[in-house]
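Here is the structure we will look at.
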Ligand code: NGO
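Numbering (our numbering), first residue to last: 3 to 525.
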């Protein structure tokens with residue numbers, strides 16, 4: 003079981019003062035094991051390091067390490083008020099090093115002592131994740147954008163940390179309500195705090211098509227012109243999308259674009275009459291029903307359309323994956339669904355991408371290497387679960403997004419002003435307290451690629467809404483995706499989570515103050 007070191011560790015900072023000026027005040031340093039997601043191993047002890055106005059951020063010669071160093075400096079400068087130059091020379095201070103070690107592509111090691119803090123990783127993602135840990139070891143006030151008094155202590159010891167899963171995702175539905183590039187960037191920054199590494203964008207649905215496709219321009223100019231409730235909608239130009247991809251990359255997240263097919267396609271069907279079996283374009287749709295639309299499986303133009311869309315989207319997506327939806331194709335017969343998926347999956351492969359689909363894809367024949375995203379519930383039929391398990395045993399990778407656990411659009415309880423409740427209420431403990439490795443019977447542990455928290459936006463239309471629904475549950479999903487099962491313990495987690503509230507306050511994130519969590523008040 004994961005043990006906390008206890009309450010706040012009181013350390014004396016005097017020894018941390020190389021210059022030996024005024025005696026440092028006694029101050030509390032955050033224990034190394036207070037971090038979310040829980041690190042793989044923590045060995046606490048020794049003197050803390052104190053960041054002062056003479057601290058430097060030392061990077062090795064690589065461009066990647068420098069970039070992470072600049073990112074860290076940007077985080078620390080506003081609240082500390084220090085210059086924190088990023089340099090390749092000298093020793094001590096905060097060091098970011100690329101080096102050999104058993105960290106994996108995303109893991110890192112953090113060593114802290116009186117002379118400095120060193121983060122070592124095999125690659126830049128590991129350094130970046132190590133920086134997120136360093137951030138959490140500093141007082142919450144470090145997240146403010148004005149100068150704070152400090153002191154800026156980092157407890158002594160060593161953290162070795164490697165993620166459990168390679169897929170630690172969040173999905174944002176930008177179709178039901180459109181979110182601007184800046185709103186998406188804000189969410190990306192929040193995901194990065196908890197070492198999430200995939201941003202799945204649900205780019206098309208009945209209510210709006212949100213990504214420019216040059217060969218089918220009306221998809222956005224008409225199909226993107228509204229949203230749930232009839233607002234103005236919006237869409238990303240290719241330049242906008244590339245900017246999201248770039249920004250996500252700078253935070254070590256890979257963008258997974260989704261075009262939902264063959265259902266959830268009213269916006270496309272409304273834009274182009276020829277995509278409809280009867281050749282008649284339906285009106286735009288601004289309600290919240292699902293399952294009523296379908297591309298025309300028997301028309302060749304459908305596959306020309308899909309080819310164009312996938313080709314253009316793949317060309318602006320450096321990530322490995324392309325999500326083709328496949329959920330709730332209620333107005334497509336089973337036979338047609340299978341036929342459609344048999345035609346569409348090879349198109350994704352032709353443009354160099356790996357297929358991801360909602361788990362209904364397992365009702366067709368997932369291509370080799372495909373991933374299925376499971377969004378069922380405890381009450382999902384044994385038959386449906388068995389179908390997913392059989393696909394997993396046959397080699398289909400599984401990303402877990404159980405709706406009654408980690409759908410961030412589910413209400414916390416009956417009083418939650420936003421969200422839906424078709425999968426029940428999902429309080430913070432329910433979202434955290436399950437094991438992805440053992441969640442679906444008959445799925446080999448090796449088939450589980452990770453977890454992803456979808457946020458559907460029928461009722462969500464601004465950043466404050468995203469944040470209220472995501473926080474605090476998102477932190478729990480991040481821990482499920484990153485931390486070893488042996489660290490999983492609700493009793494310890496809720497205490498660590500409580501401390502995060504102060505950070506969210508400092509960042510201006512309006513979160514749900516769940517009664518299940520012993521929140522710390524602002525100090
Ligand atoms: C379902 C449905 C979506 C809804 C969402 C609301 C999936 C995969 N399809 O999840 O269209 O927006 O629920 O919670």
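The C-beta atom is built at its ideal place from N, Cα and C for all residues, glycine as well.
- Item | Closer than 7 Å: residue 380 CB and nearest the ligand NGO heavy atom | The residue labelled residue 380 in the question sits at position 378 within the chain shown. Because no heavy atom of the ligand NGO lies under 7 Å away, the Cβ of residue 380 does not count as near it: no.
- Query: Would residue 131 be called buried (16 or more neighbouring beta carbons within 10 Å of its own) or exposed?
  - Reply: Within the chain shown, the letter at position 129 stands for residue 131. Result: buried.
- Query: Which same chain residues, not among the five before or five after residue 27, have their C-beta less than 6 Å away from its C-beta?
  - Reply: Translated into the one-based positions of the chain shown, residue 27 becomes position 25. Because residue 27 carries a pLDDT of 47, less than 50, the predicted location of this residue cannot be relied on, and no value is offered for it.
- Item | Straight-line gap, residue 261 to residue 99 (C-alpha atoms, nearest Å) | Position 259 of the chain shown holds residue 261. Position 97 of the chain shown holds residue 99. Residue 261 and residue 99 have their alpha carbons spaced roughly 39 Å apart.
- Given residue 363, which residues of its chain have a CB within under 6 Å of its CB, disregarding the five upstream and five downstream residues? Within the chain shown, residue 363 is the residue found at index 361, counting from 1. Excluding sequence neighbours, residue 363 sits near 328 and 374.
- Heavy atom of the ligand NGO less than 7 Å from the Cβ of residue 484, yes or no? Counting from one through the chain shown, the residue named residue 484 turns up at place 482. Incorrect: residue 484 has no Cβ contact closer than 7 Å to the ligand NGO.
- Examine the Cβ distances between the segment 304–319 and the segment 215–224 and report whether three or more of them are shorter than 8 Å. With the cut-off at 8 Å, the segment 304–319 and the segment 215–224 touch.
- Whose C-beta lies closer than 6 Å to the C-beta of residue 345 among residues of the same chain, with five residues either side of it excluded? For the purposes of this step, residue 345 is identified with residue 343 of the chain shown, where counting begins at 1. Closer than 6 Å at Cβ, skipping near neighbours: 305.
- Query: Does the distance from the C-beta atom of residue 275 to that of residue 206 stay below 8 Å?
  - Reply: Working through the chain shown from its first residue, we reach residue 275 at position 273. Working through the chain shown from its first residue, we reach residue 206 at position 204. No; because the gap between Cβ atoms is not below 8 Å, this pair is not in contact.
- Message: Using a 10 Å radius around the Cβ and a threshold of 16 neighbouring Cβ atoms, would you call residue 371 buried or exposed?
- Response: For the purposes of this step, residue 371 is taken as the residue at position 369 of the chain shown. Exposed: under 16 other Cβ atoms inside 10 Å.
- Taking buried to mean at least 16 other C-beta atoms within 10 Å of its own C-beta, is residue 279 buried or exposed? Taking the chain shown and counting its residues from 1, one reaches residue 279 at position 277. So residue 279 ends up on the exposed side.
- In terms of DSSP beta bridges, what is residue 357 paired with? For the purposes of this step, residue 357 is identified with residue 355 of the chain shown, where counting begins at 1. In the DSSP output, where bridge partners are listed per residue, residue 357 has 324.
- Query: Counting pairs of Cβ atoms below 8 Å between the segment 442–449 and the segment 406–423, do you hit three or more?
  - Reply: They do not touch, by the three-pair rule.
- Item | residue 506, enclosing alpha helix (DSSP H) - first and last residue | If you number the chain shown from 1, residue 506 lands on position 504. DSSP places residue 506 in the uninterrupted alpha helix (DSSP H) bounded by 492–509.
- Residue span of the alpha helix (DSSP H) that contains residue 348, given as start and end: Within the chain shown, numbered from 1, the residue matching residue 348 stands at position 346. Bounds of the alpha helix (DSSP H) holding residue 348 are 336–352.
- Per DSSP, residue 376 is paired with what? As a first step, residue 376 must be located in the chain shown, where it is residue number 374. Answer is 402, bridged to residue 376.
- Which residues in the same chain have their Cβ closer than 8 Å to the Cβ of residue 222, if we skip the five residues on either side of it in sequence? The sequence position of residue 222 within the chain shown is 220, counting from 1. Excluding sequence neighbours, residue 222 sits near 211, 212, 213, 214, 215 and 237.
- Residues bridged to residue 463 by DSSP? Numbered from 1 along the chain shown, position 461 holds the residue referred to as residue 463. None, per the DSSP bridge assignment.
- Message: For the beta strand (DSSP E) containing residue 110, name the first residue and the last one.
- Response: Stepping through the chain shown from its first residue, residue 110 is reached at position 108. According to the DSSP assignment, residue 110 belongs to the beta strand (DSSP E) that extends over 110–115.
- Task: Assess, as a yes-or-no matter, whether the segment 110–130 is touched by the segment 41–61 under the definition of 3 or more beta carbon pairs within less than 8 Å.
- Result: Because the criterion of three Cβ pairs below 8 Å is met, the segment 41–61 and the segment 110–130 touch.
- Item | heavy atom of the ligand NGO below 7 Å from residue 376 C-beta | Locating residue 376 in the chain shown gives position 374, counting from the first residue. Because no heavy atom of the ligand NGO lies under 7 Å away, the Cβ of residue 376 does not count as near it: no.
- Item | Sub-8 Å separation of residue 462 and residue 415 beta-carbons | Here residue 462 refers to the residue found at position 460 of the chain shown. Here residue 415 refers to the residue found at position 413 of the chain shown. Contact annotation: residue 462 and residue 415 have beta-carbon atoms that are not nearer than 8 Å.
- Query: Going by other Cβ atoms of all chains shown within 10 Å of its Cβ, with 16 needed for buried, is residue 145 buried or exposed?
  - Reply: Here residue 145 corresponds to residue number 143 of the chain shown, with the count starting at 1. Per the 10 Å Cβ criterion, buried.
- Task: Under 7 Å Cβ to Cβ from residue 239, same chain only, skipping five residues before and after it: list those, please.
- Result: Your numbering for residue 239 matches position 237 in the chain shown. If we look at residue 239 and ignore the five residues flanking it on each side, its Cβ neighbours are 214.
- Proximity test, residue 373 beta-carbon vs the ligand NGO heavy atom, cut-off 7 Å: Position 371 of the chain shown holds residue 373. For residue 373, the CB stays at least 7 Å from every heavy atom of the ligand NGO.
- Quick one: measure Cβ to Cβ for residue 465 and residue 185, integer angstroms, because I've assumed they're closer than 8 Å. Residue 465 sits at position 463 when you count from the first residue of the chain shown. Residue 185 sits at position 183 when you count from the first residue of the chain shown. Right, the Cβ-Cβ distance comes to about 5 Å (below 8 Å), so this counts as a contact.
- With 16 other CB atoms within 10 Å as the buried threshold, where does residue 36 fall? Taking the first residue of the chain shown as 1, we reach residue 36 at position 34. Flag for residue 36 reads buried.
- Query: residue 126: buried (16+ other C-beta within 10 angstroms of its C-beta) or exposed?
  - Reply: Here residue 126 refers to the residue found at position 124 when the chain shown is read from its first residue. Using a 10 angstroms sphere on the CB of residue 126, the tally of other CB atoms reaches 16 or more, which defines it as buried.
- Query: Taking the alpha-carbon positions, what's the residue 47 to residue 96 distance?
  - Reply: Start at 1 with the first residue of the chain shown, and residue 47 comes out as number 45. Start at 1 with the first residue of the chain shown, and residue 96 comes out as number 94. Roughly 18 Å between the two C-alpha positions.
- Message: Can you determine whether any heavy atom of the ligand NGO sits closer than 7 Å to the C-beta of residue 211, and answer yes or no?
- Response: The sequence position of residue 211 within the chain shown is 209, counting from 1. No.
- Task: Identify which residue in 512, 502, 510 and 408 has its Cα closest to the Cα of residue 32.
- Result: Reading the chain shown from its first residue, position 30 is the one you call residue 32. When only C-alpha atoms are compared, the closest one is 502.
- Item | Closest Cα partner of residue 179 within the set 135, 233 and 359 | As a working mapping, residue 179 is identified with position 177 in the chain shown. With distances taken between Cα atoms, residue 179 lies closest to 233.
- Item | Reference residue 172; option with closest CA among 429, 68, 404 and 487 | Residue mapping note: residue 172 aligns to position 170 of the chain shown, counting from 1. 404 is the residue among 429, 68, 404 and 487 whose C-alpha sits nearest the C-alpha of residue 172.
- Task: Using 7 Å as the cut-off, classify the Cβ of residue 409 as near or not near the heavy atoms of the ligand NGO, replying yes or no.
- Result: Position 407 of the chain shown holds residue 409. True, at least one ligand heavy atom lies under 7 Å from that Cβ.
- For residue 165 versus residue 483, is the C-beta spacing smaller than 8 Å? For the purposes of this step, residue 165 is taken as the residue at position 163 of the chain shown. For the purposes of this step, residue 483 is taken as the residue at position 481 of the chain shown. In this structure, residue 483 lies closer than 8 Å to residue 165 by Cβ.
- Query: Between the segment 315–331 and the segment 277–291, are three or more C-beta pairs nearer than 8 Å?
  - Reply: Taking a cut-off of 8 Å for Cβ pairs, the segment 315–331 and the segment 277–291 do not touch, as fewer than three such pairs fall below it.
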